[in-house]
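>
There are 6 protein chains.
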Amino acid sequence: MRIHVVNPNSSTGMTEQIGRTARSVASPGTVIDLTGGGTTCPASIEGHTDEALCVPPMLIQIRQAEARGADAHVIACFDDPGLGAAREVAARPVIGICEASVQIALLLSSRFSVVTSLCRSVPIIEDLVEKYGAGRRCRRVRAVDMPVLAIEEDQTTAAACLTAEILAARDVDRAEAVILGCAGMSALCARLTAETGMPVIDGVTAAIRLAEALAGMGYTTSKLGVYALPLEKPGGFGELSEVALRA
Amino acid sequence: MRIHVVNPNSSTGMTEQIGRTARSVASPGTVIDLTGGGTTCPASIEGHTDEALCVPPMLIQIRQAEARGADAHVIACFDDPGLGAAREVAARPVIGICEASVQIALLLSSRFSVVTSLCRSVPIIEDLVEKYGAGRRCRRVRAVDMPVLAIEEDQTTAAACLTAEILAARDVDRAEAVILGCAGMSALCARLTAETGMPVIDGVTAAIRLAEALAGMGYTTSKLGVYALPLEKPGGFGELSEVALRA
Amino acid sequence: MRIHVVNPNSSTGMTEQIGRTARSVASPGTVIDLTGGGTTCPASIEGHTDEALCVPPMLIQIRQAEARGADAHVIACFDDPGLGAAREVAARPVIGICEASVQIALLLSSRFSVVTSLCRSVPIIEDLVEKYGAGRRCRRVRAVDMPVLAIEEDQTTAAACLTAEILAARDVDRAEAVILGCAGMSALCARLTAETGMPVIDGVTAAIRLAEALAGMGYTTSKLGVYALPLEKPGGFGELSEVALRA
Amino acid sequence: MRIHVVNPNSSTGMTEQIGRTARSVASPGTVIDLTGGGTTCPASIEGHTDEALCVPPMLIQIRQAEARGADAHVIACFDDPGLGAAREVAARPVIGICEASVQIALLLSSRFSVVTSLCRSVPIIEDLVEKYGAGRRCRRVRAVDMPVLAIEEDQTTAAACLTAEILAARDVDRAEAVILGCAGMSALCARLTAETGMPVIDGVTAAIRLAEALAGMGYTTSKLGVYALPLEKPGGFGELSEVALRA
Amino acid sequence: MRIHVVNPNSSTGMTEQIGRTARSVASPGTVIDLTGGGTTCPASIEGHTDEALCVPPMLIQIRQAEARGADAHVIACFDDPGLGAAREVAARPVIGICEASVQIALLLSSRFSVVTSLCRSVPIIEDLVEKYGAGRRCRRVRAVDMPVLAIEEDQTTAAACLTAEILAARDVDRAEAVILGCAGMSALCARLTAETGMPVIDGVTAAIRLAEALAGMGYTTSKLGVYALPLEKPGGFGELSEVALRA
Amino acid sequence: MRIHVVNPNSSTGMTEQIGRTARSVASPGTVIDLTGGGTTCPASIEGHTDEALCVPPMLIQIRQAEARGADAHVIACFDDPGLGAAREVAARPVIGICEASVQIALLLSSRFSVVTSLCRSVPIIEDLVEKYGAGRRCRRVRAVDMPVLAIEEDQTTAAACLTAEILAARDVDRAEAVILGCAGMSALCARLTAETGMPVIDGVTAAIRLAEALAGMGYTTSKLGVYALPLEKPGGFGELSEVALRA
């Protein structure tokens, strides 16, 4: 089985870290096809604008990965940027790491909290959790208030801040599990679980495993409504991807 | 990996059918540990009372299966009877087939419908779907109005009725995917998918794959809140299961 | 009028206390038919498993009480265990003390809080309140974090802890009324009302009065959908209750 | 026990009919203190303006009835006009017939429909049902599209129209119970129940019984928040009611 | 363009202050037709009873203002009293200042808080915000706990209390904007914005501008359902307004 | 006042039509600064992918228009593509035509329906309406099932189809107002209003007027949370817009 994991931002350090996590959690026999955002993409995704800029190149990568034989796709950014569009352009299932970790949290606990990077992302994640139907079971979205790249660069400080928020989620929010709300926190998941004794859920791990499950079942995204292929039109995705696939 | 699949009712025909589906969809290397409800359980589960009667023996089976080495448990009845209690008594993850198929439907479509057996189960399933956070994305819960055991016995009639409802879900509800709302419909899933061209989701398949995903990640149910082990007390689960495990 | 009050757990002390409350609040002319859980039931109900174990014997007691002429039934446990199943097996109305106290709180206040026994029950009660449509009007579910039997045994400590939480509900949550979230707190209701000046609502009292109201109107549970009698089947409630009624 | 039943409109025919229903369903020993809207009130309540015009005189009647010893109040109009204000000015519990019938429907069924008079009232009642937390359990609000006074004057036609809608509620909506959405339909309740075999809920009956239950428990509306007495001020209720009580 | 601004209470000081704000924010060419509640109205609106008392005279004023040529109406009280009724009796659009400020807040921020006068109004405003569909985006309804007339009389103290709550909304609630929850706070809006650096939204300003926008588009309230003219009937609005228009 | 109206797609015919509507509804003194999507944008926006492709160039246009002195921005596509990102990059208010028309519909009616172009857009619009808090008041999202460009090219057929759906919204859905769910329908609004007698709301008109109202009040988007300026970073919006502004 071949899982395409795309880091939509242009930070190669983060792409590599995500790749390490993905390979370490994938089942034997699963090949990870790893891509990162090109240099025209923002170096990190912190808000709606960063999301918007990274999506068009990501859609091309998804189409290219499918041409290389991907059985499923994982979008490795916690804002799940372009998830709907990706489901339109892909024949295979597409999983966002926020949606994946929310689903896993719902299966393992009755109430959870999320810890993300910046405060400005809190309402974005609250809205995603609500959209995914888990608003009532999410106790709180917390932030360590560190930029994404700072988390990647200084994992020691990040771990300390995350530990504090995870313990607050347990003791103040009475959450039963915690979701790490940023792909850049993936490498810290095992350590945080060990240090806090809380079930800590990493979205990259969750999404890889859900992608394997969906691909293994042979399911594909429904093409009967919203997620039908984009219509052919001037300036549409068909033209764009044709050029890209020929390149 | 070892997945315990429990049919909470006492119909051995249905247990066997569920076992066949489970084995056919499990990943290579997954062992299916199949159990069915004892003779004190109802022959089918059609309403709250049937659910209530099947849960206590099922909890014992879960504890016993865990003693045999189960890595995860699947409750193979679409009402997800006893799911919360099962999560309390098990150390390993427990998946209900309704919750599992709702999660898969959310990943593959923007709107889905459910087709279940009896009309009297419609509000029960509506309530479950709402509880799982998918109320707004479920177009409609439909029923073929055949008892569970009739579906099992007369798969030809069942297939015809299900086809009609699936097409209505597509054309009237504008659903993009359909969930089969009864474990006894599992064997018909491939045929219905082929005949209707709709993505048709079977809960047993969905739950087996999610159980593999969760167990593969090494996750366990959070024991920090609602799903903590039942407290020891006279008449409590501890006493009950001790007797059962010695037997 | 004859009201059947069932304590689903096996604590005879609690059954007696519930009986005293029930008799003291019933209208003149109302006969309280009091039953308690048999020795196979847990001594207290603290979580989904305890609930599951107590329901099947309780359903038999409801059928037997109806054979003795009950005009309505009250399930005297705040988790409202088996309420849906009880409504299926009974011809007469069935009232749970959580649902009853939520309805009374909605009639007397615009916002209320609940104070229950253990922290682990908080999400269970939050979910019930939401299911009963009062989620937005419930400020908070609080817990004194005492086991049910400890509350029954040490009413002095319980009263002190409850007073503190009731005052916090008034001052911190700005609740206008408080619901006691455990049948074992019934005997403290008058004292807590007097000490705090808050409207304090006891579910046993609320349910008895609602049961009288429903029975007095001659209403019965609708048998046209979910609450129809359980279908006859091997291992079903029909067989079970026939044996019990002959005994 | 003394229950004040106020018909907020000025139709004396409807006031008398409500009085007959109230007296026929009240418990032995309950005295019905019946009042109707004065001649400055609209003859029927069909929309927000009619509601608004009837509330100030109704609040005076509530204060006067309390001075005469009322133990509880029933507002006998299905829009529940002035319910919040009435709870402010009354020391005793106040019950609206819409809220009361919704509560009873929730205790007797899992899904219900409402049948009201005019189509223009449908969104008003939908909003009330939602406000009372029952939106998800209300299948549909139907209308016979007859003005309130026409229903009162031509009960035969009204009964025929209501029967048709009740059967549609059962067969099309799959409702398990039906609420009559107008006080002027009270006298038809028994007949409609008999003719349709559906549980048909009349709000006057429901409210009288709930009022007895609340008064019997000795509960009063919480005065700790929204329902505190209106503040004294020029042009406020204090001045108004003082004049009225002296008159 | 002619905008009718009605202060439903009888405080002439507040009417004048609202008039000053209205005139200062209206577009050039907009004429403000200002009315205040007559002496039979409460001097301030703090709860459901005050609301109820002020509505019938306000409806007459709306009809009279329309006879004078009003193109739109603004109800300048944050409880939006009688908004539905006003939409029935008016041909032209009617805007409440709570609904208007909530709409503006939704366009300028992702999360907002409200600061109102009395604590007893908090649930009333929470319910309005929920009714207007913004419940999930409202972080908190706060109160300075000063009566409306005290705010008007002592603007210095009011400003200090409001500043404290606005800063708490920013720092504790993480609101991105704040709505002033009382017409009597209008005159403080510019000062509070300057002092706190927060976007502070005044409902009178918001409603005047929305009224201009609606009237400028030539839109009128839909008369096809709930907001149709009140039906003619004895004691109805037709009679009442005829008398008033002749006077 | 200067309002920037951007048509995010590359259809110049549609851009011109939107410009005609915008100019015809703007207040005297308002200058419309009209832009359309460049040739790299899709010719119409029908689904998530089309949305994604049009957003990055649109964000540049918003920044450029602001440099030209825009006081507010209108995104003239009913999917409100890039609305959140636009609010980040703009100092001035940004209005989407879906959000605007929903707000206007809420002020004029108690229940509305939407009529859009393609069926595949129905769930997208349902989700937007829900996000804007109007889910409960939207009776139904209907589609004429014509592609956007076909509507623009054949306005006669479009008008006939729209009339049929608007009448169905009135008679079947019992909607009191109808929103046109596509910018390409703007030119038909007056004709449809006249033909059907329904209040028909065009989003371009609604948004222009709301933009004038917001800009006239001097309000700007809150920069204290989600809508703060995008952070500076490699590949971020700062770099991109600097290049564009120099060009």
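So the sequence lines, in the order shown, correspond to chains A, B, C, D, E and F. The numbering of the first sequence is the working numbering, which starts it at 577 and goes up by one. The numbering of the second sequence is the working numbering, which starts it at 577 and goes up by one. The numbering of the third sequence is the working numbering, which starts it at 577 and goes up by one. The numbering of the fourth sequence is the working numbering, which starts it at 577 and goes up by one. The numbering of the fifth sequence is the working numbering, which starts it at 577 and goes up by one. The numbering of the sixth sequence is the working numbering, which starts it at 577 and goes up by one. Ideal Cβ positions, reconstructed from N, Cα and C, are used throughout, including at glycine.
Counting Cβ pairs closer than 8 angstroms, one from the segment 702-714 of chain B and one from the segment 666-681 of chain B, do we hit at least three?
Yes, the segment 702-714 of chain B is in contact with the segment 666-681 of chain B.
> Along the alpha helix (DSSP H) that carries leucine 682(D), what are the first and last residues, could you check?
673-684
> Going by DSSP, what residues sit across from asparagine 583(F) in a beta bridge?
Bridge partners of asparagine 583(F) according to DSSP: Gly612(F).
> Is the number of C-beta pairs between the segment 778-786 of chain B and the segment 585-600 of chain C that are closer than 8 angstroms three or more?
no
> Would you verify that the beta carbon of leucine 635(D) is, or is not, closer than 8 angstroms to some beta carbon of chain E?
yes
> Which same chain residues, not among the five before or five after glutamate 808(B), have their C-beta less than 7 angstroms away from its C-beta?
Gly814
> Going by C-alpha distance, which of Arg746(A), Leu816(A), Val819(A) is nearest threonine 772(A)?
With distances taken between Cα atoms, threonine 772(A) lies closest to Arg746(A).
> Using a Cβ-Cβ distance under 8 angstroms, would valine 748(F) count as near chain B?
no
> Is it buried or exposed, threonine 692(A), if we count other Cβ atoms within 10 angstroms and call 16 or more buried?
buried
> What in chain C is Cβ-close to serine 686(A), meaning under 7 angstroms?
Pro699
> Are the C-beta of alanine 789(E) and some C-beta of chain F separated by less than 8 angstroms?
It does: the Cβ of alanine 789(E) has a partner Cβ on chain F nearer than 8 angstroms.
> Are the segment 579-593 of chain C and the segment 616-628 of chain C touching, with three or more C-beta to C-beta distances below 8 angstroms?
Yes, the segment 579-593 of chain C touches the segment 616-628 of chain C.
> Just how far apart, CA to CA, sit proline 810(B) and glutamate 622(C)?
13 angstroms
> For the segment 774-822 of chain B, list the beta strand (DSSP E) runs that are entirely contained and at least 3 residues long, ordered along the chain.
776-778
> Who are the Cβ neighbours of glutamine 731(D) in its own chain at under 8 angstroms, not counting the five residues just before and after it?
Ala763, Leu764
> Pairs of beta-carbons, one from the segment 625-639 of chain E and one from the segment 655-669 of chain D, closer than 8 angstroms: are there three or more?
yes
> Just list the alpha helix (DSSP H) runs in the segment 598-665 of chain A, keeping only unbroken ones of 4 residues or longer that don't cross its boundaries, in chain order.
624-643, 659-665, all fully within the segment 598-665 of chain A.
> Between alanine 753(B) and proline 723(B), which are expected to be in contact by the criterion C-beta below 8 angstroms, what is the C-beta distance as a whole number of angstroms?
Wrong, their Cβ atoms sit about 25 angstroms apart, outside the cutoff.
> What are the residues that DSSP puts in a beta bridge with glycine 711(B)?
Residue pairing for glycine 711(B): DSSP places it in no beta bridge.
> Where does the unbroken beta strand (DSSP E) through valine 691(A) begin, and where does it stop?
Unbroken beta strand (DSSP E) run through valine 691(A): 688-692.
> Given that a residue counts as buried once 16 or more other Cβ atoms are within 10 Å of its Cβ, and exposed if not, what is glutamate 818(E)?
exposed
> Please return the same chain residues whose Cβ sits closer than 6 angstroms to the Cβ of glycine 672(C), not counting the five positions on each side in sequence.
Ile651, Asp656, Leu659
> Would you mind telling me which residues of chain C sit closer than 8 angstroms to serine 586(B), beta carbon to beta carbon, in chain order?
Here the neighbours are Pro810, Gly811.
> Taking buried to mean at least 16 other C-beta atoms within 10 Å of its own C-beta, is glutamate 729(D) buried or exposed?
exposed
> Interface residues of chain E around arginine 785(F) at Cβ under 7 angstroms?
Ala789, Gly792, Met793
> Whose C-beta lies closer than 7 angstroms to the C-beta of glutamate 741(B) among residues of the same chain, with five residues either side of it excluded?
Val691, Arg718, Val720
> In whole angstroms, what is the alpha-carbon distance linking threonine 824(F) and leucine 725(F)?
Nothing in the structure corresponds to residue 824(F), since chain F is present only between 577 and 823.
> Quick one: measure Cβ to Cβ for tyrosine 708(A) and glycine 709(B), integer angstroms, because I've assumed they're closer than 8 angstroms.
Their Cβ separation, rounded to whole angstroms, is 7 angstroms, which keeps tyrosine 708(A) and glycine 709(B) in contact under 8 angstroms.
> By DSSP, does alanine 667(C) sit in helix, in strand, or in coil?
Three-state DSSP puts alanine 667(C) in coil, outside helix and strand.
> What is the residue span of the alpha helix (DSSP H) that leucine 768(E) lies within?
Taken as a continuous stretch (DSSP letters only), the alpha helix (DSSP H) holding leucine 768(E) covers 765-772.
> Can you name the start and end residues of the alpha helix (DSSP H) that alanine 740(A) belongs to?
From DSSP, the alpha helix (DSSP H) with alanine 740(A) extends over 731-747.
> Counting only C-beta atoms, is arginine 668(C) closer than 8 angstroms to chain E at any point?
no
> Roughly how many whole angstroms lie between the Cα atoms of glycine 760(C) and threonine 739(D)?
46 angstroms
> Since leucine 756(C) sits in a beta bridge, which residues does DSSP pair it with?
Looking at the DSSP output, leucine 756(C) bridges to Val691(C), Asp778(C).
> Assuming the contact rule is C-beta atoms closer than 8 angstroms, alanine 751(F) and serine 697(F) should be a hit. Round their C-beta distance to whole Å, please.
Not a contact, Cβ separation roughly 18 angstroms.
> Under 6 angstroms Cβ to Cβ from histidine 580(C), same chain only, skipping five residues before and after it: list those, please.
Asp609, Ala641, Ala646, His649
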